[in-house]
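Reading through the structure tokens given below for one structure.
2 protein chains.
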Amino acid sequence: METTARLVAAAEQLFDRHGYTATGMDRLTEAAGMSSRTLYKHAGSKAQLMALVLAERDRRFMARLAVDDVDALFAALEDWVAEEGARGCLFLRARAETGGETPEIAHAVAAHKAAFQAHIAAIIEHDLGGRPPALAEQILVLFEGATHAAVYRGVDAVRAARACAELLMDAARP
Amino acid sequence: METTARLVAAAEQLFDRHGYTATGMDRLTEAAGMSSRTLYKHAGSKAQLMALVLAERDRRFMARLAVDDVDALFAALEDWVAEEGARGCLFLRARAETGGETPEIAHAVAAHKAAFQAHIAAIIEHDLGGRPPALAEQILVLFEGATHAAVYRGVDAVRAARACAELLMDAARP
DNA sequence: CCCAATGTAAAACGATCGTTTTCCTTTTCA
DNA sequence: TGAAAAGGAAAACGATCGTTTTACATTGGG
Chain A
1 METTARLVAA AEQLFDRHGY TATGMDRLTE AAGMSSRTLY KHAGSKAQLM
51 ALVLAERDRR FMARLAVDDV DALFAALEDW VAEEGARGCL FLRARAETGG
101 ETPEIAHAVA AHKAAFQAHI AAIIEHDLGG RPPALAEQIL VLFEGATHAA
151 VYRGVDAVRA ARACAELLMD AARP
Chain B
1 METTARLVAA AEQLFDRHGY TATGMDRLTE AAGMSSRTLY KHAGSKAQLM
51 ALVLAERDRR FMARLAVDDV DALFAALEDW VAEEGARGCL FLRARAETGG
101 ETPEIAHAVA AHKAAFQAHI AAIIEHDLGG RPPALAEQIL VLFEGATHAA
151 VYRGVDAVRA ARACAELLMD AARP
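Those protein sequences? They're chains A and B, same order as listed. The numbering of the first sequence is this note's numbering, which starts it at 1 and goes up by one. The numbering of the second sequence is this note's numbering, which starts it at 1 and goes up by one.
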């Protein structure tokens, strides 16, 4: 396995489960099975490593949610939560932990959220053939709500969001 | 102003804006205007201080959202976001930052979320006269979604959730 | 009047933080 | 074959972490 990929995979696990600040470099080097010398050669710094993690997370997220109707979007989220559990949005958590004052992280978060909003708009367009005003924002809110309520409510939260989205979409259909 | 109240108020600000782990005790003592000796006499430890902050936040949150219909609930959240901005749910962030492994914090979060779920169920009961299955979960998801989407979408996210909630409530009305 | 409580200022605690460096070994490929 | 790149192990960097302690000042109430 590629060194950088191994590092990023280990870092994603640790940052996700224990938080960015609370995860020390020694735990990262141990989990990635490499020396700190190699880690810094590949990642540059802890903040840049988190940015790499977020970029990888964005790729995986977008790939798993590459569907073309709204119901399938929530179904995919349901699968994700069932398989990996829910700990809230890693992007928002990273931003909050750093107070938005770490440029690499803040940038990665902004890019991801913008891309996801565009993705939702595209799904709605494909699903409905048009883009009713404010519908994309509502679907976004439902998705974000499912993601975070699932932390303590589990997949039930995702199913509730899914049902709510179905209602919204049906109301918007011609 | 009472010493403990001053400390908790200062700590809430710092923890909320910069994160739990990233906020050092020296910044807390400076912001609260007291020595570390006094801080530890009143709070016991950093984790217990965070638990005090969460308890205070819970009181303020519940007080501001003490309404008796669903639309007013989202209106109150809109006011909150307009006045204080949105940085996501402090409870979920605190839990995530500590990986759920700090008992005082995990307990405060669980207690808050349970209380809020019960509050939503009560509002629906008062608003509707009954409690349709799954409706409370949907309103909870919308609220959580508004809270977190507002971090990058501002009050628009809350308004979208509010509109969505209105649709749900109207569909549930006799 | 004095005791007990409550506070401050500041040093010190060991631990851990993110990062760099030193020295040495292994791999790669022209 | 031989130079260059890449990695490992470990020490060291100064800084900061959460917490405790020491020594002293201020207060309110019996």
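Ideal placement from N, C-alpha and C gives every residue a C-beta, glycine not left out.
- Identification of chain A residues near GLN138(B) by a Cβ-Cβ cut-off of 8 Å yields ALA160, ALA161, ALA163, CYS164, ordered along the chain.
- At a beta-carbon threshold of 7 Å, the residues of chain A lying near LYS113(B) are TYR152, ordered along the chain.
- Counting C-beta pairs with one atom in each stretch, the segment 56-68 of chain B and the segment 110-117 of chain B have three or more that are closer than 8 Å, which means they touch.
- ALA111(B) and HIS126(A) have their C-alpha atoms roughly 42 Å apart.
- Distance check between ILE124(B) and each of GLU30(B), ASP69(B), LEU39(B) places ASP69(B) closest, using alpha-carbon atoms only.
- For VAL155(A), no Cβ of chain B is located within less than 7 Å of the residue's own Cβ.
- The beta-carbon distance between LEU52(B) and PHE143(B), rounded to whole angstroms, is 24 Å. This is too long to meet the 8 Å contact definition.
- The Cβ of HIS18(B) sits closer than 7 Å to at least one Cβ of chain A.
- Taking a beta-carbon distance threshold of 7 Å, GLU97(B) counts as an interface residue toward chain A.
- In the structure shown, the three-state DSSP call for GLU2(A) is coil.
- Residues of chain A whose Cβ lies closer than 9 Å to the Cβ of GLY88(B) are, in chain order, GLY88, CYS89, LEU92, ARG93, ARG95, ALA96, HIS148.
- Contacts between LEU168(B) and chain A, judged by CB atoms closer than 8 Å, involve CYS164, LEU167 in chain order.
- With fewer than three CB-CB distances shorter than 8 Å, the segment 85-105 of chain A does not count as touching the segment 2-11 of chain A.
- Look at ALA43(A) here: in three-state DSSP terms it is helix.
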